[in-house]
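In the working numbering, the protein residues as written are 1 to 176.
Ideal Cβ positions, reconstructed from N, Cα and C, are used throughout, including at glycine.
Only a predicted model underlies this, so the values are computations on that prediction, with no experimental measurement involved.
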Amino acid sequence: MDQRERQVGSDRGEGHVGLIRDGIDIDEASITQARDLAEEQGVSDRVAFHHTPVEQTELTGPYDLVTAFECLHDMPYPIDTLTKMRELAGPSGVVLIADEAAGDTLEENTNLLGNFFYNASILHCLPQAMVFPDAAGTGTAISPSTVRTYAEQAGFKSVEVVDIENPFFRFYRLAP
């Protein structure tokens, strides 16, 4: 079977360039770096990187796996992004999200990691997302309840926190 994976927020494609079939990012420099890396690793004949907002991509599914690693909180339109990811996964594909391991409450985030999340959010994540009209403004301290709400609004029926121990990231498996 020809397995297809689409990575949203592909950044430079580092670490999974051999797995990616299609990567997408709105940052042109990241797309250029990803294409260069694919060329260096000899896989440019079977991967493609697209410079476009996720929700506006013309790519179609179904893909076996659609991922967004450490970027959903940066998306100006996370519900639209997740809706497109659900469409790309089709009825049997898997959507895997990895994003910050922030808690649902302020009290859960009053620690060194929570401080980092809030500082990164104010100094980078929110400003870069808020340049778009009517942006959601999620920020780095994205919580499980926020991911669940966004996923449900995007039409996912199942949102599961995957049991992967990681001090910085929480992993979610979304199913249509």
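Item                                                                                                                        : Value
Given Ile26 as reference, the closest of Val161, Ala129 and Thr83 once Cα atoms are compared                                : Ala129
8 Å Cβ shell around Gly114 - same chain, five flanking residues per side excluded                                           : Ala102, Gly103, Glu108 and Ala141
Residue environment, Ile164, which counts as buried when at least 16 other CB atoms sit within 10 Å                         : exposed
Per-residue DSSP class, three states only, for Glu70                                                                        : coil
Coarse secondary structure for Tyr118, derived from DSSP in three states                                                    : helix
Proximity to Asp134 [Cα-Cα], best of Tyr77, Leu126 and Glu152                                                               : Tyr77
Met1 - DSSP class collapsed to helix/strand/coil                                                                            : Its pLDDT being 38, under 50, Met1 is placed unreliably by the model, and nothing is read from it.
Assigned secondary structure, Asp99 (DSSP; H/G/I helix, E/B strand, else coil)                                              : strand
Local conformation of Tyr77 per DSSP, three classes                                                                         : coil
Cβ separation of Leu59 and His50, assumed to be a contact under 8 Å, to the nearest whole Å                                 : 7 Å
Chain-order list of residues whose beta-carbon lies under 6 Å from that of Ile97 (same chain, five-residue window excluded) : Ala68, Leu72 and Tyr172
Where Ala175 falls: helix, strand or coil (DSSP)                                                                            : strand
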